[in-house]
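>
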Amino acid sequence: MKKISVIIGIVSLSIILVSLQIVQKKSKNSLFKIGVLQTASHPALDRVCDGFVQELESRFNGKIECIIKNAEGSVAHAQTIATSLIADRDIDAFFSIATLATQVMANKESQRPVLFSAVTDPHALGINNHSNVAGVSDMTDVNATVNLLKELILTAKTVALLFNTGEINSVVMTKALCLSLEQNDLQPIEIGITSESEIPTAITVACKKADAIITPLDNIVALSIDMIAQQALLQKKPLIVSDNLLVEHGAVAASGVDYKKVGKKSAEIMIDLLGQKKEPQEIGIVTVPSDQIVINEQICDALDLVIPLSLKNAAIMIGEK
Amino acid sequence: MLDIIELCKGVLELGFIYSLVVIAVFLTSKIISFDDLTVEGSFGIGGAVAACCALWGFNPLVAILFSIMSGILAGIATGLLARKLNINGLISGLIVTTALFSVSKKVAGSAMVTIPADANLFNCVGIPTHLNKFIILASVSFGALFFVKWLLRTEFGSMLKALGCNPQLLTNLGKNINGYTIATLSIANGLTACAGALFVNYTSFFSLTGNIGTFIYALAGLMFAEIFSDKLGVAIILGAIAYPALYMITIQLQLDPDLTKLIIALLMVTMLLFKRKSIKHVAMR
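From first to last, the protein sequence lines stand for chains G and V. Each residue of the first sequence is one higher than the one before, counting from 2 in the working numbering. Each residue of the second sequence is one higher than the one before, counting from 225 in the working numbering.
(1) How about Glu230 (chain V): is its C-beta nearer than 8 Å to some C-beta of chain G?
(2) Could you check what DSSP says for Pro189 (chain G) in three-state terms: helix, strand or coil?
(3) Leaving out the 5 sequence neighbours to the left and right, which residues in its chain are closer than 7 Å to Ile510 (chain V) when beta-carbon positions are compared?
(4) For Ala135 (chain G), does the three-state DSSP call read helix, strand or coil?
(5) Spatial neighbours of Gly36 (chain G) within its chain, please: CB distance less than 6 Å, with the 5 preceding and 5 following residues excluded, ordered by chain position.
(6) Within the same chain, show all residues whose beta-carbon is closer than 6 Å to that of Ala211 (chain G), passing over the 5 residues directly before and after it, in chain order.
(7) Anything in chain G within Cβ reach of Ile440 (chain V), meaning under 7 Å, just list it in chain order.
(8) Any idea what DSSP makes of Ala255 (chain G), helix, strand or coil?
(9) Is there a Cβ from chain V that is less than 8 Å from the Cβ of Asn133 (chain G)?
(10) Would you say Arg90 (chain G) faces chain V, with C-beta separation under 8 Å as the test?
(11) Kindly list, in the order they appear in chain G, the residues whose Cβ is closer than 8 Å to that of Asp342 (chain V).
(12) Restricting to Cα atoms, I'd like to know which of G:Met106, G:Leu163, G:Val120, G:Ala145 is closest to His131 (chain G).
(13) With DSSP as the reference, identify every bridge partner of Gln39 (chain G), one or two as the case may be.
(14) What are the residues that DSSP puts in a beta bridge with Glu66 (chain G)?
(15) For the putative contact between Val331 (chain V) and Gly265 (chain V), defined by C-beta atoms under 8 Å, what is the C-beta separation to the nearest angstrom?
(16) Can you pull the chain V residues whose beta carbon is under 8 Å from the beta carbon of His78 (chain G), in chain order?
(17) Starting from Asn221 (chain V), trace the alpha helix (DSSP H) in both directions and tell me its first and last residue.
(18) Out of V:Ser334, V:Leu462, V:Ile288, state which residue places its alpha-carbon closest to the alpha-carbon of Leu446 (chain V).
(19) With which residues is Ser431 (chain V) paired in a DSSP beta bridge?
(20) For the beta strand (DSSP E) containing Val120 (chain G), list its first residue and its last residue.
(21) Write down the C-beta distance between Ile200 (chain G) and Ser225 (chain G) rounded to the nearest angstrom, noting that I regard them as a contact closer than 8 Å.
(22) So which residues of chain V does Gly74 (chain G) contact, with C-beta pairs closer than 9 Å?
(23) Between Gln231 (chain G) and Ala254 (chain G), what straight-line distance do the alpha-carbon atoms span, to the nearest angstrom?
(24) Between which two residues does the beta strand (DSSP E) holding Phe164 (chain G) run?
(25) Do the CB positions of Gly1 (chain G) and Ser59 (chain G) come within less than 8 Å of each other?
(26) Does Asp454 (chain V) pass the burial test, meaning 16 or more other C-beta atoms within 10 Å, or should it be called exposed?
(27) Does DSSP put Met140 (chain G) in a helix, in a strand, or in coil?
(28) Which residues mark the beginning and the end of the beta strand (DSSP E) in which Asn297 (chain G) is found?
(29) Between the Cα of Leu443 (chain V) and those of V:Val246, V:Leu238, V:Phe240, V:Gly234, spot the shortest distance and give me the residue it belongs to.
(30) What is the DSSP secondary structure of Leu384 (chain V), reduced to helix, strand or coil?
(31) If you check the beta carbons only, do Val235 (chain V) and Ala469 (chain V) fall under 8 Å apart?
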C-alpha cells in the first residue's frame, strides 16, 4: 500500500509540474511580461494596480502581460507568490504594491528590476541599498492634512489619531502627524489598534476624548472606514483621513495622493526600466505630490462645518446636495 | 521558461521552516493532548528577538539561541497559567499570544525591521552557494525531527505519552503532571520560536503581523502529515511542505486569485478522501 501511494504521489506531482509548464507559456504577442505582487486588496492599492496596468497597456497597445497576484496581507503567502513569480524566467520586471510586498520582493530578487509603489517610508525598509530596486512613495504631506483640519474645524483643540500599531507606514505617519499637530498647538491623542475587532471601542474612546479624528494611511482603517465614519458621524465628530478615496465613505475631508496617479507614475518609471533607458539606482525613490484636497459636502453639512471659500475653490467636492 | 527547480526549492524551504511548528503542535496536541495556541505568539517573539539581536550586531547563531529561550519562556508562561492558575489551556495560549504581540513590538522596536545583510544567518553560516538556505533549513528541520524522536524514546518521552492518554498513571508513579506539561510546552514553543527566527532570517525582515496564521498553518500541516503516516517521522515534514505546495499550485495555474482558498479546501478534501480509502484498504487486508 505504501509503495502504491508513493508511486501515485510521484506520478501526480509530475503531471502537475508538466501542466504548470504548459500554463506558463508566454503569450507570443506581448513584448514584456511583468509580475505584480500586491500586499492586500483595498481601494487605494487596487487603484494603484489599475492605474499601472492601464497606463502600460495604453503605451504598449496591449502588448504587455501583467501577472497580478495578491498576498492578502500574509507574509507567508507573499513569500510563496514571490518564489513563484521569480521562478518564471520570462518575467522581465517586478512591480510590488505597498510595504509588505516590497519587502518580500526586494529581498528575494537581486537581478531583475523591482519597482515598488505606495510605500510610505521606503528609507525605513533599508531597500534603497539594493541596486535593482526603485520606486514611488505615497507619503502624504502631513502639514497639509493638519492645515486642512485647522481650516475646516475651527474649534478643535484635541485631535485623536487612530492608527494600527502593527503597520510601519501607519506608525511613521502617525509620528509625523503628532509632531505637526503639536507645532500647531493642537493636542494629539494616540489611539493604537491592532485588529479590526478593536475599532468600535477605539472609535468610541476617540469620540469621547477628542474634538476631531485623524487617520494616517493605514490598511486596517481603510478596510473598516465605513464603521469608523458612521460612528464618528453619530457622535458628531469630524473625521479627517489621509487617503482621498476614503472621503466618499463618510469622512469629512482628506489631502492626500491620488492613487491612480501613483500607479501611472509607476508605469512611466517601469517603461524607462523596461527600455533600459535608466538604471533602477538612477531613479531611486520618487514621490508623487499630494496636492489634492477632497471634501465631502454632505458630511460637512451634517456636522455644521463651514467650508472656507478658498478651500472650496481648490478642492474636489463630493456628496453634493 | 519556468524554473521548476527554483519553484520547488522555495516551497521546500518554506515547508522546512514551518515543519518545526508542525513538530511543536504534534508534541502538544497529539502527545500530551494540550492544544497550545501559544505557537502563534512564540513564532512572532522568536522573530522579534532575532531581529533585535541582528540590529545589536550579535552573531546570528547566538541570536537564534536567544530566540529559542524567548520561546521557552513563552511556553513556561502558558504552562503556569494553565496549570498553576487553572485557566483553560486554549485560553492561556490566547492570553500569552495576545501579550506577546506587545512584547514583540517592544523587543523589535518597530512594526517592521529589516535584517542587515551582514547579520543574516544565511550569509554568515555555511557555504556560500545558492543552495545554502536549502541545506541549512533542511538540516535544522531534520535535526529537530530526530531530536523530538529521540526525546520521545527516553523515559521522559514515555512519561509525556502517558500524560496524553492517562495522566492518572503519572500521579500513581508519583510524578508531577504540571512539571511535565510545562516542560513539553517550553520545548514546543522553543521549536516554534526557532522557526520564527529562521523565517525572519529567510525573508530578511521582521513584520509584526508575520506570525498571523501560524497555528492554522501548523494544524493543516499536521492534517496533511496524517495522510502519509500517523507517526512522528518524515511525514511531518512532508505535511508541512504540502500546504505551501498546494498554494503554489493554485498560484501557478493562474486561477482567479479570489478562488485560491476554495481550491485549497477542495484539494484538502480530495487528499483526506484518498487517505480514508487507503485506511479502508488496509482494514480489509
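Glycine residues also receive a C-beta, built at the ideal position from the N, C-alpha and C atoms.
Taking the structure as given:
(1) Along the second sequence, one-based indexing puts residue 230 (chain V) at 6. Yes, Glu230 (chain V) lies at the interface with chain G (some Cβ there is under 8 Å from its Cβ).
(2) Counting from 1 along the first sequence, the entry for residue 189 (chain G) is found at position 188. Note: Pro189 (chain G) maps to strand in three-state DSSP.
(3) Within the shown structure, residues of chain V are numbered from 225 to 509, placing residue 510 (chain V) beyond reach of any answer.
(4) Here residue 135 (chain G) refers to the residue found at position 134 when the first sequence is read from its first residue. The answer is strand: DSSP assigns Ala135 (chain G) an E or B state.
(5) By 1-based counting over the first sequence, the position of residue 36 (chain G) is 35. Here the set comprises Ile68, Leu86, Ile92, Phe95.
(6) Taking the first residue of the first sequence as position 1, residue 211 (chain G) is located at position 210. The residues are Thr159, Val160, Ala161, Ile190.
(7) Start at 1 with the first residue of the second sequence, and residue 440 (chain V) comes out as number 216. Going along chain G, no residue has its Cβ under 7 Å from Ile440 (chain V), so there is no contact; the nearest lies around 10 Å.
(8) Numbered from 1 along the first sequence, position 254 holds the residue referred to as residue 255 (chain G). Under the three-state reduction of DSSP output, Ala255 (chain G) falls in the strand class.
(9) Sequence index remark: in the first sequence, residue 133 (chain G) carries index 132 (1-based). For Asn133 (chain G), the answer is no, since every Cβ of chain V falls outside 8 Å of its Cβ.
(10) Here residue 90 (chain G) corresponds to residue number 89 of the first sequence, with the count starting at 1. It does: the Cβ of Arg90 (chain G) has a partner Cβ on chain V nearer than 8 Å.
(11) For the purposes of this step, residue 342 (chain V) is taken as the residue at position 118 of the second sequence. By Cβ distance, chain G contributes nothing, its closest Cβ being about 12 Å from Asp342 (chain V), past 8 Å.
(12) Counted from its first residue, the first sequence places residue 131 (chain G) at position 130. Ranking G:Met106, G:Leu163, G:Val120, G:Ala145 by Cα distance to His131 (chain G) puts G:Met106 first.
(13) Counting from one through the first sequence, the residue named residue 39 (chain G) turns up at place 38. BP columns for Gln39 (chain G) point to G:Asn71, G:Ile98.
(14) Along the first sequence, read from residue 1 onward, the residue named residue 66 (chain G) stands at position 65. Answer by DSSP bridge pairing, in chain order: G:Lys34.
(15) As a position in the second sequence, residue 331 (chain V) is number 107, starting the count at 1. As a position in the second sequence, residue 265 (chain V) is number 41, starting the count at 1. The Cβ separation is near 12 Å, so there is no contact.
(16) Residue 78 (chain G) sits at position 77 when you count from the first residue of the first sequence. The answer, in chain order, is Tyr471.
(17) No statement about residue 221 (chain V) is possible, as the shown extent of chain V runs from 225 to 509 and does not include it.
(18) Within the second sequence, residue 446 (chain V) is the residue found at index 222, counting from 1. Per the Cα distances, V:Leu462.
(19) Taking the second sequence and counting its residues from 1, one reaches residue 431 (chain V) at position 207. Among the bridge pairs identified by DSSP, Ser431 (chain V) is matched with V:Met336.
(20) In the first sequence, counting from the first residue as 1, residue 120 (chain G) sits at position 119. Here the beta strand (DSSP E) through Val120 (chain G) covers 115-120.
(21) As a first step, residue 200 (chain G) is located in the first sequence; it is residue number 199 there, counting from the start. As a first step, residue 225 (chain G) is located in the first sequence; it is residue number 224 there, counting from the start. Between Ser225 (chain G) and Ile200 (chain G) the Cβ distance is about 5 Å, and since that is below 8 Å, they are a contact.
(22) Walking along the first sequence from the start, residue 74 (chain G) turns up at place 73. Simply Thr433, Ile436.
(23) One-based indexing of the first sequence puts residue 231 (chain G) at position 230. One-based indexing of the first sequence puts residue 254 (chain G) at position 253. Their backbone Cα atoms lie some 14 Å apart in a straight line.
(24) Here residue 164 (chain G) refers to the residue found at position 163 when the first sequence is read from its first residue. Phe164 (chain G) -> beta strand (DSSP E) spans 159-165.
(25) Outside the shown range of chain G (2 to 322) lies residue 1 (chain G), about which nothing can therefore be said.
(26) Numbered from its first residue, the second sequence carries residue 454 (chain V) at position 230. Exposed is the call here.
(27) Along the first sequence, one-based indexing puts residue 140 (chain G) at 139. The answer is coil: DSSP assigns Met140 (chain G) none of H, G, I, E or B.
(28) By one-based count along the first sequence, residue 297 (chain G) stands at place 296. Unbroken beta strand (DSSP E) run through Asn297 (chain G): 293-297.
(29) Taking the first residue of the second sequence as position 1, residue 443 (chain V) is located at position 219. With distances taken between Cα atoms, Leu443 (chain V) lies closest to V:Val246.
(30) Working through the second sequence from its first residue, we reach residue 384 (chain V) at position 160. Helix, per DSSP.
(31) Position 11 of the second sequence, counted from the first residue, corresponds to residue 235 (chain V). Position 245 of the second sequence, counted from the first residue, corresponds to residue 469 (chain V). Yes.
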